[in-house]
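No gaps in the numbering here: position 319 of the sequence shown is 320 in my numbering, and each next residue is one more. Beta carbons are placed, not taken as given, at the ideal position from N, Cα and C, and that holds for glycine. Here the structure is laid out as C-alpha cells; the discussion comes afterwards.
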Amino acid sequence: MPRVQSVEEDYGKPLSPERLDEMVQRVSGWALLSGVQKKITATEFPERLEPMPFTLFPSILPADVLSKTKSLQTAFQTVIYKVANNHEFMKACLSGLLNVDDFTQQLWKIYETVRNEGTTQEVSIILTRNDYMMEYAEEDGVKQDCKQVEFNTFASGAGGVISSMVDVHRYSLSLEDILFKDNQLPDNHPTAGLAKGLVKAWQLYKNKRAALLFIVGIPEPNTPDQRWLERDILRLDGSIKVIYRTFPQLIKQMTLGENKELIVDGTEVAIVYYRYGYAPKHYPTDAEFKLRLDMERSRAIKCPTVAFHLAGCKKIQQVLAEPGVLEKFIDGTDVIKDLRSTFVGLYKLDTKDSSKIITQALQTPERFVLKPQREGGGNNLFGDELKDYLEKIKESPELSSWILMDRIRAAKHRNRLIRVGLGPECRDVVSELGIFGVHISTPTSELENFECGYLLRTKPEEANEGGLFSGHSCLDSPFLV
Ligand code: ADP
Ligand code: MG
2 MPRVQSVEED YGKPLSPERL DEMVQRVSGW ALLSGVQKKI TATEFPERLE
52 PMPFTLFPSI LPADVLSKTK SLQTAFQTVI YKVANNHEFM KACLSGLLNV
102 DDFTQQLWKI YETVRNEGTT QEVSIILTRN DYMMEYAEED GVKQDCKQVE
152 FNTFASGAGG VISSMVDVHR YSLSLEDILF KDNQLPDNHP TAGLAKGLVK
202 AWQLYKNKRA ALLFIVGIPE PNTPDQRWLE RDILRLDGSI KVIYRTFPQL
252 IKQMTLGENK ELIVDGTEVA IVYYRYGYAP KHYPTDAEFK LRLDMERSRA
302 IKCPTVAFHL AGCKKIQQVL AEPGVLEKFI DGTDVIKDLR STFVGLYKLD
352 TKDSSKIITQ ALQTPERFVL KPQREGGGNN LFGDELKDYL EKIKESPELS
402 SWILMDRIRA AKHRNRLIRV GLGPECRDVV SELGIFGVHI STPTSELENF
452 ECGYLLRTKP EEANEGGLFS GHSCLDSPFL V
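This is the structure in C-alpha cells:
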C-alpha cells in the first residue's frame with residue numbers, strides 16, 4: 002500500500018486542540034488579508050466576504066507531476082484550437098447528441114448561424130484550465146501519474162483566489178516551524194498570465210476606447226476571483242475600461258452597431274469575457290439565447306467563441322481519446338504519447354459495440370463516472386446513482402448525450418480542510434491539479450500560446466465531486482518533493 006503523506010504529520014508535530022483553534026483563526030485571517038475570498042451572496046450588502054475554503058497546510062506533490070502537466074498545456078491548447086476550427090470534426094462528434102441534448106443543440110445553432118452568416122471577428126481567445134487527478138503509478142506510493150479529468154475552455158475560474166494561497170501556506174508552515182526550501186513552495190500567479198492574454202486580445206481589437214466586458218452570474222459569489230483578474234489587467238494597462246454585466250442587464254442594454262460593433266450603454270466592447278453562460282439554467286428564456294447569438298455575431302473578440310465552447314464538450318474529450326484521433330491534430334510522436342498518457346478510458350455509449358461497457362458499468366459502477374455535456378459541477382453520476390440512471394436510459398436515444406469515463410483512483414494523502422460543515426481534523430483527502438493557459442488565434446494562425454500557473458484543490462477522499470465555488474473542495478498549494 003502506498004504510504005499516506007502529510008506535510009503536518011511528516012514534517013511537523015501534532016497540533017493540540019488549543020493550538021489548532023489558534024492556527025485556524027490566524028490562518029483564516031491571513032487568507033482574508035491575502036484575497037483568498039469569496040462573496041457571501043445571502044446578503045444585500047454588495048461585498049461581504051468570507052475566506053474561500055482552504056487547507057491548513059500545503060499538500061505533498063511530486064515535482065515531476067507539476068512540471069509534466071505544465072509542459073503539456075500548450076500542446077493541449079493547440080489540439081483544442083484545431084478542433085474548434087475543424088467544422089467536419091465538430092459536426093461528426095456532436096451531431097449524434099444534438100437531438101437529445103437541447104442545450105448543446107442551442108449552442109450548435111448559434112455556431113452554425115454565425116458560420117453561415119460569415120464571421121466579423123477573426124481573433125479568438127481562450128483562458129483554459131486543464132484539470133487532472135493524480136494516481137499512484139506503482140504500489141510503492143512514490144511515483145504518481147497525472148490523469149486528465151477535463152479540459153475547460155469556458156469560465157475557467159479560481160486563477161485569482163489561488164494566487165496568494167502560497168503565501169497563506171508559507172505563513173501556516175512558519176507558525177509551526179516547518180522548514181521548506183523556496184523551490185518547494187514556488188510563487189504561482191495565474192491571473193497575471195490570464196490578464197496578459199486578455200490585454201493582448203484587447204490590443205488586437207485596436208480601439209483604445211473599447212471596453213473589456215466581464216459577463217457575471219446572478220448572484221455572483223466569485224467577485225473576488227474576478228477582481229484579481231481585473232486588478233492584473235489594470236496593472237498592465239490602467240487605461241482599459243472594465244465593465245461587469247449580467248445577462249438580464251445586457252438584454253436591456255446591448256445593441257449591435259452598423260459594423261456589428263457590440264455596444265453596451267453607449268460603450269463599444271472589445272472583449273466579451275464569459276464567467277457565466279455555461280449552464281442551461283443561465284438561459285431561462287429565448288432572450289438569453291438571442292443575446293448569446295448577437296454577441297457571437299458581433300465584432301467583439303469572444304472569450305471564448307461558441308466554437309471553442311463546444312470544443313470543450315466532454316464528447317469531444319471522449320473522441321480525442323480514440324485511437325488515431327490526436328494524430329489528426331498534432332505532430333510529434335513524443336508529444337502525442339505524453340498527451341495520451343494522461344487519458345483514462347473514455348467510452349461512448351451509443352454504438353452497437355457499447356453494450357459490453359454498459360454491462361461492465363452496471364456491474365461495477367464504482368469503477369466509472371457517467372458524464373453529460375455539462376459544466377460547472379454537480380452533473381456527473383457516480384456509484385448507485387450511475388447504475389440506476391444507466392439502467393433507466395440504456396435502451397434510450399438519450400445515451401448519446403452521455404459519456405462514460407474510468408474513475409480515477411486518486412492518490413490519497415492527509416490534510417486539514419478548513420471549510421464550513423467539516424471539522425478541521427486531519428483527514429484522508431485527494432487533490433485535483435488544474436493548469437491554466439492562454440491561447441489567442443485566428444482560424445489560420447496561433448498568435449499566443451502559453452501556460453500560466455495552476456490551481457491545486459483538495460477534497461475529502463470520499464467526496465465524488467470537487468467544486469470549489471460550490472464549497473466542496475479547498476484551495477491548496479503543492480509542497481513539492
Ligand atoms: P464539470 O464540468 O462539471 O466540472 P468534471 O468533469 O470536471 O465536470 O467533473 C466534476 C468533478 O467530478 C471533478 O472535479 C472531479 O472531482 C470529479 N470527477 C470527474 N471525472 C472523474 C473521474 N474520471 N474520476 C474521478 N473523479 C472524477
Ligand atoms: Mg470540472
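In the segment 210-241, which residue ranges form an unbroken alpha helix (DSSP H) of at least 4 residues, counting only runs that do not cross its ends? 224-237
Please determine if the segment 236-251 and the segment 179-190 are in contact, where contact requires at least 3 C-beta pairs separated by less than 8 Å. Short answer: they don't touch.
Environment of ligand 2 in chain order, Cβ to heavy atom below 6 Å: 132, 151
Relative to ligand 1, is the shortest distance from any of its heavy atoms to the C-beta of residue 261 smaller than 7 Å? If you number the sequence shown from 1, residue 261 lands on position 260. Ligand 1 never approaches residue 261 closely enough for any of its heavy atoms to be under 7 Å from the residue's Cβ.
Is the beta carbon of residue 372 within less than 7 Å of some heavy atom of ligand 1? On the sequence shown, residue 372 is found 371 positions in, with the first residue counted as 1. For ligand 1, at least one heavy atom lies less than 7 Å from the Cβ of residue 372.
Looking only at its own chain, which residues have a Cβ that is under 6 Å from the Cβ of residue 417, when we skip the five neighbours before and after it? In the sequence shown, the residue the question calls residue 417 occupies position 416. If we look at residue 417 and ignore the five residues flanking it on each side, its Cβ neighbours are 57, 425, 427.
Run the proximity test for residue 381: is its beta-carbon closer than 7 Å to any non-hydrogen atom belonging to ligand 4? As presented, the structure is devoid of ligand 4, carrying ligand 1 and ligand 2 as its sole ligands.
For residue 144, tell me which candidate among 91, 118, 62 has the shortest Cα-Cα distance. Along the sequence shown, read from residue 1 onward, the residue named residue 144 stands at position 143. The residue with the shortest Cα to Cα distance from residue 144 is 62.
Pairwise C-alpha distance: residue 148 and residue 342: The residue labelled residue 342 in the question sits at position 341 within the sequence shown. The residue labelled residue 148 in the question sits at position 147 within the sequence shown. Taking the straight line from one Cα to the other gives about 8 Å.
Roughly how far, in whole angstroms, is the beta-carbon of residue 302 from the beta-carbon of residue 122, given that I think they are within contact range, below 8 Å? By one-based count along the sequence shown, residue 302 stands at place 301. By one-based count along the sequence shown, residue 122 stands at place 121. With 8 Å as the limit, residue 302 and residue 122 qualify as a contact, their Cβ atoms being about 6 Å apart.
What do you get for residue 349, buried or exposed, if any count of 16 or more other CB atoms within 10 angstroms of its CB means buried? Position 348 of the sequence shown, counted from the start, is the residue given in the question as residue 349. Residue 349 comes out buried.
When burial is assigned at 16 or more other CB atoms within 10 Å of the CB, is residue 312 buried or exposed? Indexing the sequence shown from 1 puts residue 312 at position 311. Buried is the call here.
Between the Cα of residue 478 and the Cα atoms of 450, 446, 451, 436, which residue gives the shortest distance? What you label residue 478 is simply residue 477 of the sequence shown in a count that begins at 1. The shortest Cα separation from residue 478 among 450, 446, 451, 436 belongs to 436.
Ligand 1 heavy atoms versus the CB of residue 407: any closer than 7 Å? Locating residue 407 in the sequence shown gives position 406, where the first residue counts as 1. Placement of the Cβ of residue 407 at a distance of less than 7 Å from at least one heavy atom of ligand 1 is found.
Bounding residues of the alpha helix (DSSP H) (the contiguous stretch that carries residue 392): Mapped onto the sequence shown, residue 392 falls at position 391. From DSSP, the alpha helix (DSSP H) with residue 392 extends over 384-394.
Using 8 Å as the threshold, is the C-beta distance between residue 161 and residue 228 below it? Residue numbering aside, residue 161 sits at position 160 when the sequence shown is read from its first letter. Residue numbering aside, residue 228 sits at position 227 when the sequence shown is read from its first letter. Yes, they are a contact pair.
Go to residue 277, then tell me how far its beta strand (DSSP E) extends in each direction, as first and last residue. What you label residue 277 is simply residue 276 of the sequence shown in a count that begins at 1. Where residue 277 is concerned, there is no enclosing beta strand (DSSP E), given that its DSSP letter is neither H nor E.
Say the cut is 7 Å; is the CB of residue 367 nearer than that to a heavy atom of ligand 1? Taking the first residue of the sequence shown as position 1, residue 367 is located at position 366. No, the Cβ of residue 367 stays beyond 7 Å of every heavy atom of ligand 1.
CB-CB under 8 Å to residue 237, same chain, minus the five flanking residues each way: which ones, in chain order? What you label residue 237 is simply residue 236 of the sequence shown in a count that begins at 1. Excluding sequence neighbours, residue 237 sits near 196, 197, 200.
Could you pull out every residue in the same chain whose Cβ sits closer than 6 Å to the Cβ of residue 468, ignoring the five residues on either side in sequence? Start at 1 with the first residue of the sequence shown, and residue 468 comes out as number 467. The residues are 378.
Rounded to whole angstroms, what is the Cα-Cα separation between residue 283 and residue 289? On the sequence shown, residue 283 is found 282 positions in, with the first residue counted as 1. On the sequence shown, residue 289 is found 288 positions in, with the first residue counted as 1. Rounded to the nearest angstrom, the two C-alpha atoms are 8 Å apart.
If you follow the beta strand (DSSP E) that residue 430 is part of, which residue opens it and which one closes it? To locate residue 430, count along the sequence shown from 1; it is residue 429. That run of the beta strand (DSSP E) goes 427-443.
Residue range of the alpha helix (DSSP H) that includes residue 293: As a working mapping, residue 293 is identified with position 292 in the sequence shown. First-last of the alpha helix (DSSP H) with residue 293: 287-298.
In the DSSP assignment, find the unbroken beta strand (DSSP E) run with residue 375 in it and report its ends. Here the question's residue 375 lines up with position 374 in the sequence shown. Unbroken run through residue 375: none, as it is neither H nor E.
Straight-line gap, residue 381 to residue 372 (C-alpha atoms, nearest Å): On the sequence shown, position 380 is the one that residue 381 refers to. On the sequence shown, position 371 is the one that residue 372 refers to. Cα to Cα, the separation comes out at about 5 Å.
Per DSSP, the bridge partner or partners of residue 91: Along the sequence shown, read from residue 1 onward, the residue named residue 91 stands at position 90. Residue 91 is not bridged to any residue.
Quick check: residue 369 and residue 420, are their CB atoms within less than 8 Å of each other? The residue you call residue 369 lines up with position 368 of the sequence shown. The residue you call residue 420 lines up with position 419 of the sequence shown. No, the Cβ-Cβ distance between residue 369 and residue 420 is not below 8 Å.
Under 8 Å, do residue 50 and residue 41 count as touching if we go by C-beta distance? Reading the sequence shown from its first residue, position 49 is the one you call residue 50. Reading the sequence shown from its first residue, position 40 is the one you call residue 41. Closer than 8 Å, so yes.
Just checking residue 160 against ligand 1 - is the residue's beta carbon closer than 7 Å to any of the ligand's heavy atoms? The sequence position of residue 160 within the sequence shown is 159, counting from 1. Answer for residue 160: no, Cβ out of range of ligand 1.
Would the beta-carbon of residue 135 be found less than 7 Å away from any heavy atom of ligand 1? Here residue 135 refers to the residue found at position 134 when the sequence shown is read from its first residue. No.
With H, G and I counted as helix, E and B as strand and the rest as coil, what does DSSP make of residue 469? For the purposes of this step, residue 469 is taken as the residue at position 468 of the sequence shown. Note: residue 469 maps to coil in three-state DSSP.
Given 7 Å as the limit, tell me if residue 377 has its C-beta closer than that to any heavy atom belonging to ligand 1. The residue labelled residue 377 in the question sits at position 376 within the sequence shown. Yes - ligand 1 has a heavy atom lying nearer than 7 Å to the Cβ of residue 377.
So does the segment 457-473 actually touch the segment 94-111, counting three or more Cβ pairs closer than 8 Å? no
C-beta contact flag for residue 439 and residue 194 at 8 Å: Taking the sequence shown and counting its residues from 1, the one referred to as residue 439 is at position 438. Taking the sequence shown and counting its residues from 1, the one referred to as residue 194 is at position 193. It is a contact, given that the beta carbons lie within the stated cut-off.
Spell out a yes or no on whether the segment 24-39 and the segment 161-179 are touching, meaning 3 or more CB-CB pairs, one atom from each, closer than 8 Å. Yes: at least three Cβ pairs fall under 8 Å.
Of the listed residues 309, 351, 317, nearest to residue 156 (C-alpha basis): Numbered from its first residue, the sequence shown carries residue 156 at position 155. Comparing Cα-Cα distances from residue 156 to each of 309, 351, 317, the minimum goes to 309.
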